[in-house]
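Beneath this line is the structure, given in structure tokens, with notes to follow.
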Amino acid sequence: MKIRRQLDISGSVQGLGVRPYVYNLATELGLQGSVMNTSGGLTIDIQGEDSVIEEFSRLLDLRKPPLVEFRSSKTSERSVDENLKEFVIAPSAVGEVLTSHLLADLATCSKCEVEIFDSRERRYRYPFTNCTYCGPRYSITKNLPYDRAQTSMAGFSMCESCQREYENPADRRFHAQPIACPQCGPQLQLWAADAQVLTSGDEALGQTVTALRQGKIIAVKGLGGFHLMVDAENKVAVSKLRERKGRGDKPFAVMFANLAQVQQVAEVGPKESDWLEGPYRPIVILKKTDGKSFWQVGPEQNTLGVLLPYTPLHHLLLRDFGGPLVCTSGNLSEEPICIDEHQALEKLAKVADLFLVHNRPILRPVEDSVLQVVEDKPMLIRRGRGLAPQLWPATAEGGKEFTEALALGGDLKHAMGLCREDGYLLAPHVGDLEESEAFRQMVSEVNSWQKFFGQKFTEVLVDSHPHYHSHQWAKEQETVNVTGLQHHRAHAWALWAEHGGPQRDFVVIWDGLGFGDDKTIWGGEFFVGSPAGELSRWGAIRPFDLYGGDKAIRDTRRSCLSLLDSALGPELWDETQHQELLQTLGLSQDVQNFFRQFPRSHRHQTTSMGRLFDGVASLLGIYSGNLSFEGQAAMKLQALAELSPVEETYSWEWVFEDGMWWADWRPVVLAMMEDLKLGSTAGGLARRFHQSLADMIVAGFKLQSPCPERVLLGGGCMQNSLLVSLVAKRFSELGIELKWPELNPPGDGGLALGQMAWWMFQQRNEACV
């Protein structure tokens, strides 16, 4: 019997070759009808014999292209139309409300890579080669649905050859929206710092390679913005880039031509290689095989951030150059990445010697994603290209009527999200909103998403810190309801969003700072609870008064003095006892007098684990003074600890006071001071400190009665792979399940997911935590 059926499918279904796939499957089975993109995803109108349509439905999911996800499907019966004679791809329908999934940019596929190096192909050495399965998406999208007319490729008319490929269902480029070739697509140019055009086309690539070999710094316009590139093995050139960019000692990422080159300098396991060579191509943090290699790229680090080429331009550049290139964001430190030529010239004219540019506009800045593999599991550090935007499926069932909410995350490592009825839509990393350019980018991103989805967001979720720029901006908006969620609870909810949470968990959230319920700065927190119950602050590290508050984030000596003052009291300033230590910290008598008289009103009570790491690093002489980037002292502490064979530990004391458990760090600091006097090495003490942290978590867990079923780790301090591995080893021996963030950043870049998960729970349940 002939029937006609309509399938409305949502999910990752646009820009990934789904329509050509559906067309070919329907044609193969002799069915009639159409397929088209809609504001909700994809609509298939299919007509034929009922048994054949059942086979079509079975094969539809079974054979779908890579990266495609069918998240929900609605089926409805329609009247048979005898006038339908064939199956066609219909023009996209633009609805009044756009709810389709935004698509992330994808790395060059293997077939396109082969093409650009095959002299018989018409796209030989063409830097903008792409197909249905790879290339730009989000970075060139102006509006939804995702069609060429809605992208920055709208200004490039297809030549006859590209048009034939675009219209041929059997072709890999059938309905590939960014399709281009040397005759009709974007072109390269090499500019001087004064905007003078030096050359174009393949000659621009050749002169760029020559300049790189001469130690020049090149600003390269890529997929989601500019990169600054320089010969990674030229120490003078790398130092010049570091100085010009104001990078301090912050590590650079390095791009290699292929995996074989990477394996010569770093340890690459199966999971790391999967990420390096996969369609997302993030920066992957790897252990160096020789700690001294690429020292100028990542000073004082045992690791190296590595990525492989992800655009045809990168493939050509790396193949022609023949060696690794530093590949760092094209911006001034802490500012958003530059996306157009004039902005790059304005910002980077004193940094780059030359500019390799092209005329395909970048509409949305997207930084590279960054991750590491810990205990054979991924840990995303920064969500960017390839992994954002990304929709995490979730369902609001039951309870009150669902209301969408915009989640603004926090101010540091800002990344926003949209809580929808079908899940959590996560945006790319923006940066620190303390920088005016980053703040403007946040506002621009909010406005563009409102345009994307055809609505003004009326519910906004923020961090409860009243002085955060994101919080204050939301409060200033008219007709907007603003809801704040405490910082560390948002981290906990992010873990539940990723790993589920029906059971009672012991949740450890350690980071640099977060505004607490008691209006002090938290950061070394222990919670017990579940989404369906109460999330109680069970404990924290013993609080200490921080000299100068925010100034201590950059000056590790302030954190160290804060710890010593809390541990020793007035004895710290006794000229007969600790002068040698104070002088080792670089504190002259005048500076000592300054801190001795430091007013209590300028000290801020905190339980920050991040500041504890800084203070210990300063105490051990690992890093004293002003940091050039957040987490620098902790990273160096970890690097030294990883090289030490020491297995001993220090003993923390758990104390119950005022209705809470407190992990007292003072015995650890005092023991370290004694070990320093005995001549112990900084690396050995750093290792003992890390061991003690893992032991302290286990001891806190064992104080529970009954013990929770699972342990969760979160917060920026958990980016420390050594710490996570030490904790994992201990709980594995106890037979207790341990989870940490995998595809959501443990730091503040992951807050928006937690805010959205909390909001989704409210929509499903009257109770909330």
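Throughout the sequence shown, residue numbering follows the numbering used here, covering 198 to 966 in sequence. For each residue, glycine too, the CB sits at the ideal point set by N, CA and C. All figures in this text were calculated on a predicted structure; none of them were measured in a lab.
{"Item": "From the DSSP output, which residues share a beta bridge with His233?", "Value": "Note that residue 233 is Met in the sequence shown, not His. Partner(s): Thr240."}
{"Item": "Which partner residues does Ser733 have in the DSSP bridge list?", "Value": "Val725"}
{"Item": "Keeping to the same chain, check which residues put their C-beta closer than 6 Å to that of Gln203; ignore five residues upstream and five downstream.", "Value": "Asp242, Ser273 and Arg275"}
{"Item": "Looking only at its own chain, which residues have a Cβ that is under 7 Å from the Cβ of Ser661, when we skip the five neighbours before and after it?", "Value": "Gly681, Leu682, Gln683, His684 and Phe712"}
{"Item": "Could you pull out every unbroken beta strand (DSSP E) segment of at least 3 residues lying fully inside the stretch 827–894, listed in chain order?", "Value": "850–854 and 857–861"}
{"Item": "Between Ala687 and the rest of its own chain, which residues show a CB-CB distance below 6 Å, the 5 nearest in sequence each way excluded?", "Value": "Leu948, Gly951 and Gln952"}
{"Item": "Under 8 Å by Cβ, that's how I've got Thr348 and Pro375 pegged, so tell me the actual separation to the nearest angstrom.", "Value": "7 Å"}
{"Item": "Contact defined as beta carbons within less than 8 Å: I believe Leu180 pairs with Ser667. What is the distance between those atoms, to the nearest angstrom?", "Value": "With the chain running from 198 to 966 in the structure shown, residue 180 is simply not present."}
{"Item": "Looking at the strands, I want to know which residues DSSP matches up with Pro590.", "Value": "Gly620"}
{"Item": "Please classify Tyr363: does DSSP put it in a helix, a strand, or coil?", "Value": "helix"}
{"Item": "Grab the span of the alpha helix (DSSP H) containing Leu809 for me, first residue to last.", "Value": "Met806 to Leu816"}
{"Item": "With distances taken between CB atoms, is the gap from Glu469 to Val481 smaller than 8 Å?", "Value": "yes"}
{"Item": "Tell me, to the nearest whole angstrom, how far the beta carbon of Arg739 is from that of Trp858; I am working on the premise that it is less than 8 Å.", "Value": "About 10 Å separates the two Cβ atoms, so there is no contact after all."}
{"Item": "Residue range of the alpha helix (DSSP H) that Leu609 falls in?", "Value": "Counting along the chain, Leu609 falls outside any alpha helix (DSSP H), and DSSP gives it neither H nor E."}
{"Item": "State the start and end residues of the unbroken alpha helix (DSSP H) segment that holds Met639.", "Value": "Ser633 to Phe649"}
{"Item": "Give the single residue among Leu630, Pro324 and Met350 whose Cα lies nearest to the Cα of Arg334.", "Value": "Met350"}
{"Item": "Do Ala602 and Met613 have their C-beta atoms closer together than 8 Å?", "Value": "no"}
{"Item": "What's the call for Phe853, buried or exposed, on a 16-neighbour Cβ count within 10 Å?", "Value": "exposed"}
{"Item": "Would you report the Cα separation of Val433 and Gly412, rounded to the nearest angstrom?", "Value": "8 Å"}
{"Item": "Out of curiosity, what's the CA-to-CA distance linking Ile313 and Gly214?", "Value": "21 Å"}
{"Item": "Using the Cβ count rule (16 or more neighbours within 10 Å means buried), how would you classify Glu364?", "Value": "exposed"}
{"Item": "Quick one: what's got a C-beta closer than 8 Å to Arg260's C-beta in the same chain, skipping five residues either side?", "Value": "Tyr218 and Leu222"}
{"Item": "Please name the residue, chosen from Leu514, Ser825 and Ser397, that lies closest to Asp752 on a Cα-to-Cα basis.", "Value": "Ser825"}
{"Item": "Are there three or more Cβ pairs, one per stretch, closer than 8 Å when the stretch 543–556 is compared with the stretch 568–588?", "Value": "no"}
{"Item": "Could you name the residues of the same chain whose beta carbon sits closer than 8 Å to that of Ala585, not counting the 5 residues immediately before and after it, in chain order?", "Value": "Ala301, Tyr335, Val563, Ser566, Ala612, Leu623, Ala624, Pro625 and His626"}
{"Item": "Am I right that Val705 and Leu910 are in contact with their C-beta atoms under 8 Å? What's the rounded C-beta distance?", "Value": "5 Å"}
{"Item": "Measuring only the C-alpha atoms, how far is Gln652 from Arg516?", "Value": "46 Å"}
{"Item": "Could you tell me which whole beta strand (DSSP E) segments of length 3 or greater appear in the stretch 416–463?", "Value": "423–428 and 450–452"}
{"Item": "Which two residues bound the contiguous alpha helix (DSSP H) that contains Ile250?", "Value": "Asp247 to Leu259"}
{"Item": "When the Cα atoms are used, what is the spatial distance from Thr878 to Glu930?", "Value": "29 Å"}
{"Item": "What's the call for Pro448, buried or exposed, on a 16-neighbour Cβ count within 10 Å?", "Value": "buried"}
{"Item": "Asp892 to Gln916, Cα distance in whole Å?", "Value": "18 Å"}
{"Item": "In this structure, does DSSP put Gly944 in helix, strand or coil?", "Value": "coil"}
{"Item": "Leaving out five residues before and five after Gly993 in sequence, what residues of the same chain have Cβ atoms less than 8 Å from its Cβ?", "Value": "What the structure shows of the chain is the stretch from 198 to 966, and residue 993 is not part of that stretch, so it cannot be assessed."}
{"Item": "If we ignore side chains and look at the alpha-carbon of each, how far apart do Gly455 and Leu514 end up?", "Value": "For clarity, residue 455 is Asn in the given sequence; the question names Gly instead. So the two alpha carbons sit approximately 12 Å from each other."}
{"Item": "Would Gly721 and Thr804 be called neighbours here (beta carbons separated by less than 8 Å)?", "Value": "yes"}
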